[in-house]
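Chemist: First the structure, then my questions, so here it is.
Residue numbers (the UniProt record's numbering): 1 to 462.
Okay, structure coming up:
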């Protein structure tokens, strides 16, 4: 029997259901790969700490089924609000997916022969499978690192293993950050302006080191900083280490001077130009910039890098050139590009054209003259296939300054590896294409809304 002064030891909790929507909790759980059970337990524990739920007030308790429904609703909302896939970027990785077919008109990847072979490359096989041409957008950052790679091999010897080099310069790169900085000769450069907040730690190091070598003075803080892990899959950190080694040599060798000069005058400026203008419409201009900046280098260096530039100048193909021309700020260049596209459309050639890299004019003074148009077989860019001929004709006659509606897709695949990893993580967490797509978009949205959460001021409210 319970008296008036006694308190019951237990009470039946409220049977009301939890009706509150929890989209933010759903996004955070997807972002950090938290299970439904763990997410529900943590969420309920926080509510209990704030006195919102208790033994007698259990209506707002979050169970795993509630959180599972919230995560599904958040994913479905993002999937339903997404447009159709129009561009595909891919990277090599072992995957258990048997087959996945999607429609699109643009494709991006790195420039390895497996992907870009003219007869049996992945892009060519996809064109044959789809029965129509695709806009080729091989990664320009990958193309930018290849001349540096071949130059190192020529001046310092072959690589050894996944991280090592056989020559004296490569061997000294491993612990270059431990060496003291001496007075060094400044090397001229033209580094474009970039947003430092968009650069990773290693990329910011390259930017600051280029500015230091350009001015002839390196701060103690930068000298102590780690240039980044050395690996043959990360040539940006190799460039970091070469510059760090250069400023620590009282009498740098001729080979080290040539490598540092190439990084300062070609590799670095082109890398940051691509980063600051990543759209595919600027791809041809970046190729021309590589050619233009490298003309001031010694003949020995140009003899090594010119064949590499030629082999990887995918954006010098006339289809990519025409995209750059129709988005040019100069009216006469824009008009010329539109007329060439219209002429190519009217020819109505049968079959799927074979993509090839035309012979470059290394003495050109403008990207428009990067190839010999008299030798080129001009074909219309697949990127503009959905634009009617009547609209192109109208823009030619009216001389309309409004740009054609071109989707701004990137000319590099820097984020592809990160997203391939994300797809793998999604496949391990959920089943089905729709669920994976929603999981990925949920995680990306959460990262965009709150890039980091290290202190209270980092938190972002919806």
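Virtual Cβ for every residue (Gly too), placed ideally from N, Cα, C.
Secondary structure at residue 315, three-state DSSP: helix, strand or coil?
Modeler: helix
Chemist: Does the separation of the CB atoms of residue 75 and residue 421 fall below 9 Å?
Modeler: No; because the gap between Cβ atoms is not below 9 Å, this pair is not in contact.
Chemist: Give the list of continuous alpha helix (DSSP H) stretches no shorter than 4 residues that lie fully inside the segment 267–338.
Modeler: 268–276, 283–294, 299–311, 318–326
Chemist: According to the Cβ coordinates, are residue 177 and residue 224 closer than 9 Å?
Modeler: Contact flag set, yes.
Chemist: Should residue 389 be labelled buried (16 or more other beta-carbon atoms within 10 Å of its own) or exposed?
Modeler: exposed
Chemist: What would DSSP say about residue 410, mapped onto helix, strand or coil?
Modeler: strand
Chemist: What did DSSP end up calling residue 100 once you bin it into helix, strand or coil?
Modeler: Per-residue confidence for residue 100 stands at a pLDDT of 46, beneath the threshold of 50, marking its modelled position as unreliable; the derived number appears in the next sentence. Coil at residue 100, not helix or strand.
Chemist: Only counting the same chain, and skipping five residues up and downstream in sequence, which positions put a Cβ closer than 7 Å to that of residue 460?
Modeler: 449, 450
Chemist: Within the same chain, show all residues whose beta-carbon is closer than 6 Å to that of residue 98, passing over the 5 residues directly before and after it, in chain order.
Modeler: With a pLDDT of only 44 at residue 98, under the threshold of 50, the placement of this residue in the model should not be trusted; the figure read from the coordinates follows. Closer than 6 Å at the Cβ level, and outside the excluded window around residue 98, lies no residue.
Chemist: Residues in its own chain within less than 6 Å of residue 184 by CB, not counting five upstream and five downstream?
Modeler: 247
Chemist: Who are residue 165's beta bridge partners in DSSP?
Modeler: Its beta-bridge partners are 159.
Chemist: With a threshold of 7 Å on Cβ separation, who are the neighbours of residue 17 within its own chain once the five nearest residues in sequence on each side are excluded?
Modeler: none
Chemist: What do you reckon, are the CB atoms on residue 341 and residue 370 nearer than 9 Å?
Modeler: no
Chemist: Based on DSSP bridge pairs, tell me the residues matched to residue 222.
Modeler: Answer by DSSP bridge pairing: none, since residue 222 is not bridged.
Chemist: Measuring straight from C-alpha to C-alpha, what distance separates residue 487 and residue 360?
Modeler: The requested residue 487 is not part of the displayed model; the chain covers only 1 to 462.
Chemist: In whole angstroms, what separates the C-alpha of residue 328 from that of residue 277?
Modeler: 14 Å
Chemist: With 16 other CB atoms within 10 Å as the buried threshold, where does residue 4 fall?
Modeler: The predicted model places residue 4 with a pLDDT of 47, which falls under 50 and marks its position as unreliable; any figure quoted below should be read in that light. It is exposed - the Cβ of residue 4 has fewer than 16 other Cβ atoms within 10 Å.
Chemist: Kindly identify the DSSP beta-bridge partner or partners of residue 360.
Modeler: Paired residue(s): 371.
Chemist: According to DSSP, what are the bridge partners of residue 234?
Modeler: 231
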